[in-house]
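A quick write-up on the structure given underneath.
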Amino acid sequence: MTNIKPVWRGLFLLVVGALIGYGVGLGLDFAVQKTVSYQAPVAGLFSLLFGAIFFFFGLIGYHGVTKGLVFQVLGTLAGALFVTGIRAAMGLGLWGPFLFTEPAWVLGGLVGALSFLAGVGAVTDWWKWALGEPTSDHHHDEPGWEKYFGVSLDHKVIGIQYTVVALLLISVGGLFALIFRTELAASGLQFLTREFKLFDQNGLQMYNSLMSLHGMIMIVSILLGIAGIMNYVVPLLLGAQDMAFPRMNAFSFWIAVPAAVLLLSSIFLGGFDTGWTGYPPLSVRAPVGMQMFFLGVFVAGWSSILGGLNIIATTLRMRAKGMTAFRMPILVWASVATSLISLTATQLIGLAFQLVMFQRLLGMGFFDPDKGGNPVLFQHLFWFYSHPAVYVFVLPGLGVISELLPVFVRKPLFGYKWVAMSSLGIALVGFLVWAHHMFTSGMNEYLRVPFMYSTLLVAVPTGVKFFSWVATLWKGKIRTPVPMLFVLGGIVVFLMGGLSGPPNATVSTDLHLHDTYFIVGHFHDTIFGGFVFPFFAAIYYWFPKASGRRMNEFWGKVHFWLMTPSFFVLTLGMMRIGLLGMRRRIADYDPALGFDLTHLVLTIAGFLIALSVLIFIINFFHSMKNGEKAEGNVWESRSPEWQVPSPMPMHNYEHEFEVVGEPYDYGLAGSRYVKFANEK
Amino acid sequence: MRHYVIVGILVIVAAVGTYTGLHAVGLMPVEASVQAAPIDWLWNLEVITISFLFALIIVPMVYSLVVFRRKKGDNTDAEHIEGNTTLEIAWTIIPLIVVVIFAYLGAYSLGETRRVDPNAMIVKVTGFQWGWQFEYPAYGGFKSDKLYLPADKQVLLQLQALDVIHSFWVPEFRVKQDLVPGRITEYRITPSLIGDYKVRCAEICGTSHAYMEAPVVVVDQAAFDTWAKDQQVAAAQAEANATPEQKGEKLYQTYCKACHSINGTAGNGPTWLGLFGHEVELADGTTVTADEAYLTQSIKEPQSQVVQGYSPMAFNPAAVGIGDTEIGYLVAYIKTLK
Chain A
6 MTNIKPVWRG
16 LFLLVVGALI
26 GYGVGLGLDF
36 AVQKTVSYQA
46 PVAGLFSLLF
56 GAIFFFFGLI
66 GYHGVTKGLV
76 FQVLGTLAGA
86 LFVTGIRAAM
96 GLGLWGPFLF
106 TEPAWVLGGL
116 VGALSFLAGV
126 GAVTDWWKWA
136 LGEPTSDHHH
146 DEPGWEKYFG
156 VSLDHKVIGI
166 QYTVVALLLI
176 SVGGLFALIF
186 RTELAASGLQ
196 FLTREFKLFD
206 QNGLQMYNSL
216 MSLHGMIMIV
226 SILLGIAGIM
236 NYVVPLLLGA
246 QDMAFPRMNA
256 FSFWIAVPAA
266 VLLLSSIFLG
276 GFDTGWTGYP
286 PLSVRAPVGM
296 QMFFLGVFVA
306 GWSSILGGLN
316 IIATTLRMRA
326 KGMTAFRMPI
336 LVWASVATSL
346 ISLTATQLIG
356 LAFQLVMFQR
366 LLGMGFFDPD
376 KGGNPVLFQH
386 LFWFYSHPAV
396 YVFVLPGLGV
406 ISELLPVFVR
416 KPLFGYKWVA
426 MSSLGIALVG
436 FLVWAHHMFT
446 SGMNEYLRVP
456 FMYSTLLVAV
466 PTGVKFFSWV
476 ATLWKGKIRT
486 PVPMLFVLGG
496 IVVFLMGGLS
506 GPPNATVSTD
516 LHLHDTYFIV
526 GHFHDTIFGG
536 FVFPFFAAIY
546 YWFPKASGRR
556 MNEFWGKVHF
566 WLMTPSFFVL
576 TLGMMRIGLL
586 GMRRRIADYD
596 PALGFDLTHL
606 VLTIAGFLIA
616 LSVLIFIINF
626 FHSMKNGEKA
636 EGNVWESRSP
646 EWQVPSPMPM
656 HNYEHEFEVV
666 GEPYDYGLAG
676 SRYVKFANEK
Chain B
28 MRHYVIVGIL
38 VIVAAVGTYT
48 GLHAVGLMPV
58 EASVQAAPID
68 WLWNLEVITI
78 SFLFALIIVP
88 MVYSLVVFRR
98 KKGDNTDAEH
108 IEGNTTLEIA
118 WTIIPLIVVV
128 IFAYLGAYSL
138 GETRRVDPNA
148 MIVKVTGFQW
158 GWQFEYPAYG
168 GFKSDKLYLP
178 ADKQVLLQLQ
188 ALDVIHSFWV
198 PEFRVKQDLV
208 PGRITEYRIT
218 PSLIGDYKVR
228 CAEICGTSHA
238 YMEAPVVVVD
248 QAAFDTWAKD
258 QQVAAAQAEA
268 NATPEQKGEK
278 LYQTYCKACH
288 SINGTAGNGP
298 TWLGLFGHEV
308 ELADGTTVTA
318 DEAYLTQSIK
328 EPQSQVVQGY
338 SPMAFNPAAV
348 GIGDTEIGYL
358 VAYIKTLK
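Structural data, given as structure tokens:
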């Protein structure tokens with residue numbers, strides 16, 4: 006076996022593991038149900054988990070993520086059997102259609118997630134401290150790629166781990182979208198029919214599960230994506246050796262992995278049909294998959310909260326000498342603004358989901374009108390996070406745009422302080438606008454007008470960013486390598502998202518637009534413009550810093566020119582039919598509406614976007630080994646990380662630097678931003 | 028200076044072009060209610076503003092990319108322009124004024140859609156998984172699965188949800204309102220255009236959400252009166268003449284059809300074909316015979332005896348007025364399905 010490349014060995018074992026898992030699942034299902042069902046939910050779930058474990062075992066052996074997943078499976082079984090034992094003692098039913106009963110799955114899921122952390126080693130140092138054993142102050146990773154599959158405390162390794170997992174989840178979420186997008190290509194049910202049966206779901210249920218999971222998987226992947234960029238770049242921009250709390254940083258990343266497993270497991274356990282919003286009472290009635298979804302988001306939330314705390318502490322305490330607030334790179338401002346939101350608002354979605362979990366498990370009637378509860382309360386709690394969350398997604402991306410623009414325009418960022426303050430402004434106003442998602446919800450009517458005012462206010466700081474970007478471009482000497490293409494694409498797409506926003510904010514027009522495909526088009530524009538385009542720009546831009554090589558420029562351009570027009574077709578088409586009567590979250594539509602052709606075009610556009618991302622992923626992994634060498638200041642940036650050779654050494658800067666000028670003074674003769682201790 | 032003049036002209040051209048284009052395409056469906064007018068008026072103002080802002084950002088961007096592109100071989104930096112406080116203040120204050128104006132207009136147009144006619148006709152609307160039912164208290168309280176409305180008369184729809192949140196939306200009427208379990212929400216509409224429309228549930232409500240639609244028919248007052256009188260009479264006659272089996276079938280058509288088939292195919296619930304008198308395997312592993320007692324109990328409390336392979340349905344029969352008598356009709360109907 007030693008001569009076989011680890012990846013091939015992993016893939017071979019993946020197939021073996023998936024088959025074994027399927028067999029084990031079928032056996033367990035048969036033991037409980039007494040009939041053989043080839044689409045049994047647990048068979049699917051075990052197939053996935055065993056496949057993943059065997060794959061990682063083939064890749065790196067039994068440690069790191071492999072051990073974490075084994076622990077997660079064992080922890081889940083232990084937790085579930087514990088509850089099943091209690092149920093046996095109480096004389097309750099022991100088994101359900103998904104092997105275990107719902108309470109058993111919930112406790113099992115939670116214990117499994119915590120066990121993962123123990124297995125992977127993310128809490129080892131803390132455990133040693135508790136026992137009074139010494140740990141090394143400076144973490145040391147072995148060179149090579151294996152370190153990415155286990156716990157590392159190096160912010161750069163963690164940043165790359167975050168980014169790669171984000172890309173993986175984007176691929177999964179995108180795949181789900183392709184499946185239901187294909188179903189929508191024509192009216193009527195094509196393959197997700199009522200007769201379709203998989204994991205205890207018929208076609209319509211499967212459509213809803215895929216559509217709902219597409220939403221949340223993408224949200225988690227965005228949170229991981231921005232964490233990846235911030236983790237990798239922020240300490241480098243600040244001149245810090247690492248994040249303020251390296252162990253908590255590793256914990257924040259690794260907790261997201263079992264969270265993703267929980268989220269994905271929901272599709273096997275009956276799925277759920279609520280959309281990513283999980284509104285009760287519908288979410289009280291959905292299958293067990295609903296609980297796995299809630300639990301997955303709950304656990305992923307810890308990652309976001311602790312990650313935000315770390316960024317803020319790092320920025321407050323670990324800036325280089327001379328880096329006053331208004332000499333910080335603009336991306337740091339954006340990262341702090343984003344982190345303030347994720348540190349303080351994430352709790353509310355966790356709370357909202359937890360209340361529904363308790364309503365389901367313990368019969369507490371928080372949102373049950375028969376017991377004095379109020380379904381609309383959930384929506385307030387949910388949106389108190391989930392609206393600001395949108396700014397969590399886009400602020401770092403807008404920061405990347407502001408950070409990269411001066412480099413490629415060769416001119417200072419126009420109105421630096423205004424741009425910095427606009428990020429904070431968006432973050433703060435963002436806390437006051439949540440109820441604009443509820444204009445038709447039946448909440449108190451008098452609330453609608455004040456929330457309209459506060460929502461429209463967001464347009465002001467957002468406008469400042471656009472005007473400043475345009476003024477930065479004006480009279481520059483513009484260069485357009487691939488990262489800049491994505492920056493420009495991001496601006497235009499985000500502009501589409503920004504301009505289609507205010508009609509949703511003014512109550513009367515929103516009464517028509519709410520819950521239609523117009524909204525779907527609008528937020529895909531904001532998320533692509535505010536996150537996806539800048540995320541790709543950031544990867545193309547900092548790839549040489551991380552690897553010492555460049556990504557292929559030609560295939561980067563193909564990626565851009567394939568994705569951008571397809572994306573315009575997709576979202577403008579969505580908005581168009583949304584205005585004419587296409588609702589959100591429907592598996593089928595009335596052929597009398599005449600949307601068949603548009604939907605076919607949208608589906609084709611969706612596949613072209615997927616193709617472009619596939620090209621990107623191949624380029625990404627291919628260039629790691631075979632890309633053109635780029636160890637110097639490839640983009641002629643003034644930023645400190647580009648003043649030292651690539652790839653970055655383990656503990657970052659060999660010599661400390663001092664900030665001696667403004668960050669973006671391109672065109673000012675003799676000026677510099679940083680001066681290293683070994684320079685004169 | 029030359030740059031600014033050219034860009035200024037191009038912005039105006041692009042703004043007018045964008046608006047004209049969007050207007051020519053026609054963005055909204057037919058306007059079929061009085062309430063749609065203030066909404067479409069505000070929407071049009073917003074499209075004008077959006078076209079202008081779009082041009083204002085895109086034109087100088089594209090112009091810069093063309094005119095200020097780096098010349099081949101020029102590796103120098105551009106002119107060192109750090110910012111301009113007057114401009115920054117201007118593009119903070121002017122948008123602030125614009126959004127406040129739009130918020131004011133938004134509140135104004137919302138107020139227009141909420142104008143109350145004290146003589147509005149009341150129709151009770153019930154939404155459930157997955158269908159609609161309309162009740163006309165002004166005409167003896169007959170029930171219909173179509174929403175007939177007279178043109179040019181305000182109607183107050185009292186919306187009620189039986190199970191989960193739904194949303195009442197007729198795109199041609201524009202306005203949308205959620206139905207929330209445990210309370211009654213209001214929806215006022217004055218249809219202004221005779222025609223056939225559809226109410227479509229806009230809030231995801233589970234598996235068959237896509238199919239939760241019902242016809243909405245707007246007719247003139249005379250035709251409406253005729254229809255309502257006919258319905259009233261028909262309802263009274265049907266009540267008087269129907270056999271229990273027929274009454275059961277009518278109930279089935281309204282409340283049960285979405286999940287239970289009568290042709291043997293499995294839906295969200297088990298089929299009713301050949302159900303009576305046969306053995307049923309339950310989720311807890313036991314078996315029962317589907318006799319009258321079992322059927323009555325299962326309809327009354329759907330969570331109590333769940334059939335193997337199905338999820339408990341949350342349908343609450345009492346909430347739609349299905350009491351013991353009606354359950355008797357349903358059981359009688361089920362007996363006929365052999």
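Taken in sequence, the protein lines are chains A and B. Following our numbering, the numbering of the first sequence begins with 6 at its first residue and continues without gaps. Following our numbering, the numbering of the second sequence begins with 28 at its first residue and continues without gaps. From the three backbone atoms N, C-alpha and C, an ideal C-beta is built for every residue, glycine too.
**Message:** Rounded to the nearest angstrom, what separates Ala305 (chain A) and Thr282 (chain A) at their Cα positions?
**Reply:** Using only the alpha carbons, I get a separation of about 16 Å.
**Message:** Give me the DSSP bridge partner(s) of Met148 (chain B).
**Reply:** The partner list for Met148 (chain B) (beta bridge, DSSP) reads B:Val182.
**Prompt:** Within 7 Å (strictly less), CB to CB, does Thr445 (chain A) reach chain B?
**Reply:** Interface annotation, Thr445 (chain A): in contact with chain B, CB-CB separation under 7 Å.
**Prompt:** For Ser157 (chain A), does the three-state DSSP call read helix, strand or coil?
**Reply:** DSSP places Ser157 (chain A) in the coil class of the three-state scheme, outside both helix and strand.
**Asked** What separation, rounded to the nearest whole angstrom, lies between the Cα atoms of His392 (chain A) and Ala357 (chain A)?
**Response** For His392 (chain A) and Ala357 (chain A), the gap between their C-alpha atoms comes out near 14 Å.
**Prompt:** From Ser192 (chain A) to Ala597 (chain A), what distance separates their C-alpha atoms?
**Reply:** Straight-line Cα distance between these residues: approximately 9 Å.
**Asked** Based on Cα-Cα distance, which residue from A:Met556, A:Ala255, A:Arg92, A:Phe444 lies nearest to Leu4 (chain A)?
**Response** Since the displayed chain A opens at 6 and closes at 685, residue 4 (chain A) lies outside it and no answer follows.
**Prompt:** What separation, rounded to the nearest whole angstrom, lies between the Cα atoms of Asn247 (chain B) and Ser219 (chain B)?
**Reply:** Residue identity check: residue 247 (chain B) is Asp in the sequence provided, not Asn. So the alpha carbons of these two residues sit roughly 10 Å apart.
**Prompt:** Taking buried to mean at least 16 other C-beta atoms within 10 Å of its own C-beta, is Gln187 (chain B) buried or exposed?
**Reply:** Counting Cβ neighbours within 10 Å, Gln187 (chain B) comes out buried, since at least 16 surround it.
**Request:** Write down the C-beta distance between Leu183 (chain A) and Gly611 (chain A) rounded to the nearest angstrom, noting that I regard them as a contact closer than 8 Å.
**Result:** With 8 Å as the limit, Leu183 (chain A) and Gly611 (chain A) qualify as a contact, their Cβ atoms being about 6 Å apart.
**Request:** Tell me, to the nearest whole angstrom, how far the beta carbon of Met323 (chain A) is from that of Ala249 (chain A); I am working on the premise that it is less than 8 Å.
**Result:** Confirmed, Cβ separation roughly 6 Å.
**Prompt:** Is the Cβ of Val12 (chain B) closer than 7 Å to any Cβ of chain A?
**Reply:** No answer is possible for residue 12 (chain B): it lies beyond the span of chain B, which begins at 28 and ends at 365.
**Request:** For Ser235 (chain B), return the contacting residues in chain A, with the cut-off set at a CB-CB distance below 8 Å.
**Result:** Under the 8 Å cutoff, chain A gives Leu209.
**Request:** Kindly confirm or deny that the region 272-289 of chain A and the region 124-142 of chain A touch, where touching means at least three C-beta pairs closer than 8 Å.
**Result:** No: fewer than three Cβ pairs fall under 8 Å.
**Message:** Less than 7 Å between CB atoms is the rule here; does Val347 (chain B) satisfy it with respect to chain D?
**Reply:** Structure shown: chain D not included; protein chains present are A and B.
**Prompt:** Using a C-beta to C-beta distance shorter than 7 Å, which residues of chain A count as neighbours of Gly133 (chain B)?
**Reply:** Within chain A, the residues near Gly133 (chain B) are Met457, Thr511, Val512, Ser513.
**Message:** Quick test of the definition: if touching needs 3 or more C-beta pairs under 8 Å, does the region 310-321 of chain B touch the region 235-252 of chain B?
**Reply:** Between the region 310-321 of chain B and the region 235-252 of chain B there are fewer than three inter-stretch CB-CB distances shorter than 8 Å, so the stretches are not counted as touching.
**Beta-ladder partner(s) of Ser617 (chain A), from DSSP** = Answer by DSSP bridge pairing: none, since Ser617 (chain A) is not bridged.
**Message:** Pairs of beta-carbons, one from the region 91-108 of chain B and one from the region 480-499 of chain A, closer than 8 Å: are there three or more?
**Reply:** The region 91-108 of chain B, when compared against the region 480-499 of chain A, does touch it at the 8 Å Cβ threshold.
**Request:** Take Tyr27 (chain A) as the anchor and find which of A:Gly49, A:Asp34, A:Leu86, A:Phe103 has the nearest alpha-carbon.
**Result:** Looking at the Cα atoms, A:Gly49 is the closest of the given residues.
**Prompt:** So with Cβ pairs under 7 Å, would you call Val43 (chain B) a contact of chain A?
**Reply:** Not a single C-beta of chain A is nearer than 7 Å to the C-beta of Val43 (chain B).
**Request:** Grab me the residues of Ser571 (chain A)'s own chain with a C-beta within less than 6 Å of its C-beta, minus the 5 sequence neighbours each way, in chain order.
**Result:** Only Ala610, Leu613, Ile614 meet the Cβ criterion.
**Request:** Can you pull the chain B residues whose beta carbon is under 7 Å from the beta carbon of Arg415 (chain A), in chain order?
**Result:** By Cβ distance, chain B contributes Asp104, Ala105.
**Item:** Straight-line Cα distance separating Ser344 (chain A) from Thr76 (chain B)
**Value:** It is roughly 33 Å from the alpha-carbon of Thr76 (chain B) to the alpha-carbon of Ser344 (chain A).
**Reduced DSSP category for Phe169 (chain B) - H, G, I as helix; E, B as strand; rest coil** = In the structure shown, Phe169 (chain B) sits in a strand (DSSP, three-state: E or B).
**Residues that Ser194 (chain B) contacts on chain A, provided the C-beta gap is smaller than 7 Å** = Proximity of chain A to Ser194 (chain B) at the Cβ level (cut-off 7 Å) is accounted for by Thr445, Asp520, in chain order.
**Item:** Residue burial classification, Pro650 (chain A) (beta-carbon count within 10 angstroms, cutoff 16)
**Value:** Around the beta carbon of Pro650 (chain A), fewer than 16 other beta carbons lie within 10 angstroms, which makes this residue exposed.
**Request:** Kindly indicate the opening and closing residues of the beta strand (DSSP E) around Leu174 (chain B).
**Result:** It spans 174-177 - the beta strand (DSSP E) in which Leu174 (chain B) sits, taken as one unbroken run.
**Request:** Specify, as a first and last residue, the run of the beta strand (DSSP E) that Thr686 (chain A) falls within.
**Result:** A question about residue 686 (chain A) goes unanswered here, because the residues of chain A that appear run from 6 up to 685.
**Request:** Indicate the three-state DSSP secondary structure (helix, strand or coil) for Glu328 (chain B) in the structure shown.
**Result:** Reduced to three states, the DSSP call for Glu328 (chain B) is coil.
**Message:** For Met629 (chain A) and Asp146 (chain A), which I take to be in contact (beta-carbon distance under 8 Å), what is that distance rounded to the nearest angstrom?
**Reply:** In fact, because the Cβ distance is near 17 Å, the residues do not count as touching under 8 Å.
**Message:** Checking 7 Å against the spacing of the C-beta atoms, do Cys283 (chain B) and Asn295 (chain B) come in under that value?
**Reply:** Going by beta carbons, Cys283 (chain B) and Asn295 (chain B) fall outside the 7 Å limit.
**Request:** Would you mind stating whether Gly313 (chain A) and Leu348 (chain A) have Cβ atoms separated by less than 7 Å?
**Result:** Yes, Cβ-Cβ distance for Gly313 (chain A) and Leu348 (chain A) is below 7 Å.
**Request:** Could you check if Met6 (chain A) is buried or exposed, using at least 16 other CB atoms within 10 Å of its CB as the buried criterion?
**Result:** The predicted position of Met6 (chain A) is uncertain, since its pLDDT is 43 and thus under 50; no value can be drawn from it.
**Request:** Drop a sphere of 10 angstroms on the beta-carbon of Val358 (chain B), count the other beta-carbons inside from all chains shown, and report buried for 16 or more, exposed for fewer.
**Result:** The residue is buried, with at least 16 neighbouring Cβ atoms inside 10 Å.
**Prompt:** Does any C-beta atom of chain B lie closer than 7 Å to the C-beta of Gly666 (chain A)?
**Reply:** By this cut-off, Gly666 (chain A) is not an interface position.
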